[in-house]
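Take a look at the structure set out below.
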Amino acid sequence: MEQGKTVDPSYGTSCLLKTEIKSLIESKKLYLRPLLDEAQIGEIGIDLRLGYDFLVSIQGREAFINASKNDWIDGGTQRNINQFFQTTRRQIGETFILHPHQTVLAVSLEYVRLPDNCFMKLYMRSSYSRLGITISTIAQPGYCGCLSLELTNNNNNPINLTVGARIIQGLVYRLATDVPYFYSARKYVCHVRPEPSAITADKDLIILNDLWKENNNRK
Amino acid sequence: MYHSHSYQDEAFDFFVTFLKNAIKGDVTYQQLVLPVITDAHLLATGEKDYFTINRDSYSVITFLVEADTPYFRQLNTNHLTTADYSQILQYANTQREAFLA
Amino acid sequence: MSTPSYNLLRLHLAQAELALDKARNNAYSDRRKEEYQNKLTDLYTAVYQEVNKKTSLTEADIYALYKRHIDFIFKSLEFLDSSTLNQIPYEIIECLNYAMNDWLGSRGDYIIVTSLINDVGGFSFDPSLAYSDALYDEIKAKYGIEFPQRLVQINLPRALARDYLASVVLYHELGHFVDMKFKFTESLTRDILNNVTEGRIAGKDLANLLIYFPYLNSHVGSKKTIPTQSQLFIVTNSHLAEYFCDLFASQYIADSSNYYLQYITENANFFSTSHPSTVNRVQTVTDFLSKSDNIVVKIINTAIYKIKKENLEIRNEAVKSDDFFNLVPTIIENVGQLHGILNTGWRVWLHQQEQLSKSLNDQFDNPLRLYSVVNNLLEKSIGNFITLNKWNKVKP
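Protein chains in written order, with this note's numbering: chain A, 1 to 219; chain B, 1 to 101; chain C, 1 to 396.
As structure tokens, this is what we get:
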């Protein structure tokens, strides 16, 4: 296969190969820190490790997470989404149990900065997918920070994960043009620990809530 | 911020407790006070100075020598008697009271 | 036996048992803390058994022996409980560990523990468990229980536990511990006061000394011995200790702490009973870093050499890199740079905010965003150094 050739037609982009990834690292266009082992750079992607900070979802006194701007539904007491998560830390080499159907926010051990013309799609490594762990993440062109890993265990059994283990595979895709990360306002910048959702910062939600108020005579 | 003197009091409290037990004849406590008394003697004779006496018991040693340098100069630390422990206890108490005054 | 004081001792024991029980599931960042906690349990058991087997206990015995030992359990737990992996500011403590090892050896005899307190100015060193080994000696002699390590207790504000700029102050607090272990400034105080009252310091040295200790002027050549418990001794000692700690810290973090100090003290040009004037403190550090003559640096170095055959020296390496402006953590190559990165963070914050803001396409010109970016990059730079070290130690 010719290098740089499109492998995912739905995006119209090219999945980068090992030599290209290495070349981007050498030219300081792509950063991966720390890179504990060169072998993490595979033929068509980069293996990423599980970091040591976690945000674990907990059931607190609030009835639900309000992912809207509708304050009628919760009596105007919209709580910070932080309230629904608890931080916990491990050391590299220690383990972390992911319980069935639990969502845990983790980060990659590696701090990543992508070039402005590349984005990264994250997949569980096959061995972990087979255990029933799913992930759904994309890192935008120019992204800088540890990668947010939203892990969910779909297995019926708890799974014990090792901090520092290579659990994710990142495929890097090249775009035809630069899309600098900071051209638009960004909610997630240079994060090194998992951050809870900043969903309520979405401006659309204000408009949609106004619409709801209009329809329901709540103005 | 750091105020050392309440901790110097504590160091003195321990020394006083140790001395009381030493006076009762408890060998364990006699061994605990011996290095302190020995260094007080060496400081008094000039064989050691403020920079070379035991660091951990520094405040107790210097207080004792300040209390009665001639006494500690002539003290036979190879053969400490109950009377010696009692005398040192008195110095320790005097010094402590002066310090707390 | 059921006297009120005996029953109070039993109350204290019950409280200690509950506290130990609660601490049983603590997950620490350092195996030695777990070992230390196990020793506390051993001590509790020994005290409990001894108290139970006594047929009579005087109030004096209770206070002089057992109460103190239970107090020790509580004090230790207070710090251990706040030093779990989830709570301890791990990265900065690792930096402090390297600094501590420079002075106390790397045998692991000392464990830095932290207590997060609700006071934004609450950086301090708590010497209660470290001032003297007497308590440990007594526990060993009485119960045969030996604590192989000592806790170095540092308080820091809960609100600033992840603030790598403000945290440079912790190097100063560590300095208090090192000074206390070696009694550098306590010994020096006696020496200085004797030299002043005996008229052994004169001329330029005396004039320079009086700039930093102006209150000694009236004692020059007085021929009077200044008692250890006198106010003059205590103030001089306290000022020397602060100078030492400033210098100790500046070996590692250069002039970083000066900035913060000047701000929080409003650059005070007067001394208090506990602290020298900020102007004099800053001058001392500046002179040390620029290797200019300074009487305070000179006398403190003399004392350190006499006691430890060492000198104050610059133990950090400046990190020269544009990584922060590329919004990536820096690769720290050695321990000198590990300390030096904190100064880099300060330089960016004080002088290069605009450049950093430009990297963010100027959209984050509010202080909180820049503060988060600087802190995150500092944390990850330090964290990566620690991770790589651990990895390289065990990899085949």
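Ideal Cβ positions, reconstructed from N, Cα and C, are used throughout, including at glycine.
This structure is a prediction, so every number in the text was calculated from the model and none was measured.
Can residue i and residue j be called in contact, C-beta distance under 8 Å?
i, j, result
"residue 105/A", "residue 133/A", "no"
"residue 92/C", "residue 9/C", "no"
"residue 162/A", "residue 95/A", "yes"
"residue 129/C", "residue 75/C", "yes"
"residue 253/C", "residue 342/C", "yes"
"residue 141/A", "residue 175/A", "yes"
"residue 40/B", "residue 72/B", "yes"
"residue 145/A", "residue 191/A", "yes"
"residue 257/C", "residue 168/C", "yes"
"residue 114/A", "residue 135/A", "no"
If you follow the alpha helix (DSSP H) that residue i is part of, which residue opens it and which one closes it?
i, result
"residue 63/B", "58 to 67"
"residue 162/A", "That residue, residue 162/A, is in no alpha helix (DSSP H); its beta strand (DSSP E) goes 159 to 162."
"residue 186/C", "184 to 197"
"residue 155/C", "That residue, residue 155/C, is in no alpha helix (DSSP H); its beta strand (DSSP E) goes 150 to 157."
"residue 350/C", "335 to 351"
List the endpoints of the continuous beta strand (DSSP E) containing residue i.
i, result
"residue 33/A", "31 to 33"
"residue 192/A", "Premise fails: residue 192/A is in no beta strand (DSSP E) and is neither H nor E."
"residue 116/C", "110 to 117"
"residue 49/A", "46 to 57"
"residue 72/C", "Run containing residue 72/C: none in the beta strand (DSSP E); it sits in the alpha helix (DSSP H), 68 to 81."
"residue 152/A", "144 to 153"
"residue 281/C", "That residue, residue 281/C, is in no beta strand (DSSP E); its alpha helix (DSSP H) goes 278 to 289."
"residue 108/A", "103 to 113"
Could you give the distance in angstroms between the alpha-carbon of residue i and the alpha-carbon of residue j?
i, j, result
"residue 266/C", "residue 245/C", "19 Å"
"residue 184/C", "residue 85/A", "48 Å"
"residue 260/C", "residue 33/B", "44 Å"
"residue 238/C", "residue 231/C", "10 Å"
"residue 224/C", "residue 26/B", "40 Å"
"residue 219/A", "residue 117/A", "44 Å"
"residue 86/B", "residue 154/C", "38 Å"
"residue 264/C", "residue 242/C", "15 Å"
"residue 35/A", "residue 110/A", "7 Å"
"residue 10/A", "residue 204/A", "Below a pLDDT of 50, predicted positions are generally treated as unreliable, and residue 10/A, at 46, falls in that range; no measurement from the model is reported."
"residue 25/A", "residue 207/A", "42 Å"
"residue 8/A", "residue 122/A", "Low confidence applies to residue 8/A: its pLDDT is 49, below 50, so where it sits in the model is not reliable enough to give any reading."
"residue 166/C", "residue 81/C", "23 Å"
"residue 383/C", "residue 251/C", "22 Å"
"residue 295/C", "residue 78/C", "40 Å"
"residue 155/A", "residue 178/C", "53 Å"
"residue 20/B", "residue 60/C", "12 Å"
"residue 67/C", "residue 386/C", "41 Å"
"residue 186/A", "residue 194/A", "16 Å"
"residue 1/B", "residue 170/C", "Because residue 1/B sits at a pLDDT of 36, beneath the cut-off of 50, its placement in the model cannot be relied upon, and the point is left open."
"residue 130/A", "residue 90/A", "24 Å"
"residue 29/B", "residue 190/C", "29 Å"
Residue i: beta carbon under 7 Å from a heavy atom of the ligand FMN?
i, result
"residue 84/C", "Summarising the ligand content, the structure contains no ligands, and the ligand FMN is consequently not present."
Which residues in chain A have a C-beta closer than 7 Å to the C-beta of residue i? List them in chain order.
i, result
"residue 29/C", "91"
"residue 349/C", "Correct list: empty, because the minimum Cβ distance to chain A is about 14 Å."
"residue 391/C", "36"
"residue 101/C", "Near residue 101/C there are no residues of chain A at all, since even the closest Cβ is about 19 Å away, more than 7 Å."
"residue 376/C", "190, 191 and 192"
Which residues in chain B sit within 8 Å of residue i, going by Cβ to Cβ distance?
i, result
"residue 306/C", "51 and 52"
"residue 303/C", "51"
Output, in chain order, the set of chain B residues within a Cβ distance shorter than 9 Å of residue i.
i, result
"residue 135/C", "10 and 14"
"residue 181/C", "55 and 56"
Given that residue i touches chain C, what residues does it touch there, using C-beta distances under 7 Å?
i, result
"residue 95/A", "By Cβ distance, chain C contributes nothing, its closest Cβ being about 12 Å from residue 95/A, past 7 Å."
Would a check of beta-carbon distances place residue i closer than 8 Å to chain F?
i, result
"residue 329/C", "Note that chain F does not occur in the displayed structure, where the protein chains are A, B and C."
Residue i touches chain A at which residues, Cβ-Cβ below 9 Å?
i, result
"residue 379/C", "192 and 193"
"residue 388/C", "34 and 36"
What does residue i touch in chain C if you count any residue whose Cβ is under 8 Å from its own?
i, result
"residue 33/A", "328, 329, 331, 380 and 384"
"residue 28/B", "141 and 142"
Strictly below 9 Å CB to CB, what residues from chain C border residue i?
i, result
"residue 47/B", "Those do not exist, as residue 47/B stays about 15 Å from chain C at its closest Cβ, beyond 9 Å."
"residue 32/B", "134, 137, 138 and 141"
"residue 63/B", "228 and 229"
Give me the chain A residues within the contact set of residue i, using Cβ-Cβ distance strictly less than 8 Å, ordered along the chain.
i, result
"residue 373/C", "189 and 190"
"residue 86/C", "87, 88 and 89"
Across the stretch 28 to 47 of chain A and the stretch 161 to 181 of chain A, are there enough close Cβ pairs to call them in contact, namely three or more that are closer than 8 Å? Result yes; three or more Cβ-Cβ pairs closer than 8 Å.
Can you confirm whether the stretch 210 to 222 of chain C touches the stretch 127 to 139 of chain C when touching is taken to mean that 3 or more C-beta pairs between the two stretches lie within less than 8 Å? Too few Cβ pairs lie closer than 8 Å, so no.
Cβ contact (3+ pairs, closer than 8 Å) linking the stretch 10 to 17 of chain C and the stretch 49 to 59 of chain B: In short, these stretches do not touch, since the Cβ pair count stays below three.
Quick check: the stretch 326 to 334 of chain C against the stretch 144 to 154 of chain C, are there 3 or more CB pairs under 8 Å? Three or more Cβ pairs closer than 8 Å define a contact, and the stretch 326 to 334 of chain C falls short of that threshold against the stretch 144 to 154 of chain C.
Okay, do the stretch 314 to 321 of chain C and the stretch 365 to 373 of chain C touch, 3+ Cβ pairs below 8 Å being the bar? Contact between the stretch 314 to 321 of chain C and the stretch 365 to 373 of chain C is absent, because fewer than three Cβ pairs lie under 8 Å.
Evaluate the contact criterion for the stretch 46 to 57 of chain C versus the stretch 102 to 121 of chain C: three or more CB pairs, one atom per stretch, below 8 Å. Output reads no: the stretch 102 to 121 of chain C does not touch the stretch 46 to 57 of chain C.
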